[in-house]
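Undergrad: Residue numbers are given in the working numbering: position 212 of the sequence shown equals residue 289, and the series is strictly consecutive.
Heads up, the beta-carbon is just placed ideally off N, CA and C, and yes, glycines get one too.
All figures in this text were calculated on a predicted structure; none of them were measured in a lab.
First, the structure itself, so that you have it in front of you.
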Amino acid sequence: MNRGLMQLIVKISDTRNFIKAGKELYMTQPAVSRAVTALEAELGVKLIARDRRYGVHFTDIGERILGVFKEILTYFERIDQEIAREKGLDTGIVRIGFFPLASSYFIPKIISSIAEKYPKIEFTLHEGTIAEIKERLESREVDVGLIVPSGHHDELITFPLYREEIYTVFKENHPLAAKSVIQAGDLMGQPLIICKDGCKPPVMDWFEQSGKQPQIKYVLNNYMTTLNMVQEGLGIGIMSELSTMNLPPNVILRKLDPKWHREIHLAVSSLKDSPIAVQLFIRTALQLFESRSGSEVNLQ
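Laid out in structure tokens, this is it:
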């Protein structure tokens, strides 16, 4: 068993196809099949099954060994980067997980800043819901993720990156448009639209501390859909600051009273085990958004 075989198994998992995995690793399909058969013979267990109905899929033991291979490969990456550091080279791969809103605001700024100084560092991007990003961090499918902490993943190490205010949004001809700030009582009896991914918990906390029970009509995953529904007069949106940066025509926003916020954090499964390039990514991100994080940069 060697590093190349482990990379092959992971690539088969990613592509679910022997031919595609082989092409990415410059191997023919017969060579891939022979390598997998030889590895299974060496281990004495069946890792991968193939049939017409389900295609390529991993056995139970195959899934468990796949997870071990992924972890071992991260240590190979650390070795490569330690050697590169000793030779004075700045290189590495950073696997970034993020939810859609973060992809447009944070990711381009961070990558651009790093690329200017360290052009040899590569990035792979993995978009998903916040729950999916947390799971990928725990399984080490990604090195670093942007999440909204919920307290349900305390094993992750997180760093406050951005503290954003929560607003109400509604059509400009709505009766509440005459108010400069919106209190929970103003929203009683109003159909409310909120975004599920990372925004619902702070919104519900705001209502709870106000002693009010909101009438939530729609809970959506996409903030643009939320804005479009508000524009059509289907309800009042309660949304985070970043999701309201490009309001549709005839839609306005108002602050909440009392003010309310949510935090976006950087998260890793282990900082001390993170490759050098990942630690550089975290440090760069925290420095770029230090004024909005509500905390000082500290990776000690």
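1) Tell me where the alpha helix (DSSP H) around P278 begins and ends.
2) Quick check: what's the CA-CA separation for I160 versus I224?
3) Could you check the C-alpha separation between V374 and S190 for me, to the nearest Å?
4) Would you list the one or two residues that DSSP bridges to P291?
5) Could you tell me if Y300 is buried or exposed, where buried requires 16 or more neighbouring beta carbons within 10 angstroms of its beta carbon?
6) Looking at the unbroken alpha helix (DSSP H) that takes in P196, where does it start and where does it end?
7) Just to confirm the assignment: which complete beta strand (DSSP E) runs, minimum length 3, are found wholly within the stretch 323 to 377?
8) In chain order, which beta strand (DSSP E) runs of at least 3 residues are fully inside the stretch 176 to 226?
9) Using a Cβ-Cβ cut-off of 6 Å (strictly less than) and excluding sequence neighbours within five positions of L202, which residues of its own chain qualify?
10) Starting from the Cα of F200, find the closest Cα among V113, E242, V221 and give me that residue.
11) Along the chain, where does the alpha helix (DSSP H) that runs through S90 open and close?
12) Helix, strand or coil for V122? Go by DSSP, reduced to three states.
13) Compute the beta-carbon to beta-carbon distance between L324 and L333, rounded to the nearest angstrom, for a pair I have assumed lies under 8 Å.
14) Taking only the alpha-carbon atoms, compute the straight-line gap between I86 and I142 and give it to the nearest angstrom.
15) Quickly, what does DSSP pair Y239 with across the bridge? List them, please.
TA: In short:
1) Numbered from 1 along the sequence shown, position 201 holds the residue referred to as residue 278. Where P278 is concerned, the enclosing alpha helix (DSSP H) stretches over 277 to 287.
2) Counting from one through the sequence shown, the residue named residue 160 turns up at place 83. Counting from one through the sequence shown, the residue named residue 224 turns up at place 147. So the alpha carbons of these two residues sit roughly 31 Å apart.
3) The residue given as residue 374 occupies position 297 in the sequence shown. The residue given as residue 190 occupies position 113 in the sequence shown. For V374, the pLDDT reaches just 48, beneath the cut-off of 50, and the residue's location in the model is therefore unreliable, leaving the point undetermined.
4) As a position in the sequence shown, residue 291 is number 214, starting the count at 1. Bridge partners of P291 according to DSSP: none are assigned.
5) The residue labelled residue 300 in the question sits at position 223 within the sequence shown. Y300 is buried by the Cβ-count criterion.
6) As a working note, residue 196 is residue 119 in the sequence shown. No alpha helix (DSSP H) holds P196; DSSP gives it neither H nor E.
7) 328 to 333, 338 to 345
8) 198 to 204, 221 to 224
9) Reading the sequence shown from its first residue, position 125 is the one you call residue 202. The answer, listed in chain order, is I173.
10) The sequence position of residue 200 within the sequence shown is 123, counting from 1. Of the candidates V113, E242, V221, the one whose C-alpha sits nearest the C-alpha of F200 is V221.
11) As a first step, residue 90 must be located in the sequence shown, where it is residue number 13. Element bounds for S90: 80 to 92.
12) Here residue 122 corresponds to residue number 45 of the sequence shown, with the count starting at 1. Look at V122 here: in three-state DSSP terms it is coil, with no helix or strand label.
13) Position 247 of the sequence shown, counted from the start, is the residue given in the question as residue 324. Position 256 of the sequence shown, counted from the start, is the residue given in the question as residue 333. No, L324 and L333 are not in contact; Cβ-Cβ is about 17 Å, not under 8 Å.
14) On the sequence shown, position 9 is the one that residue 86 refers to. On the sequence shown, position 65 is the one that residue 142 refers to. A straight line joining the alpha-carbon of I86 with that of I142 spans about 10 Å.
15) Taking the sequence shown and counting its residues from 1, one reaches residue 239 at position 162. Paired residue(s): I341.
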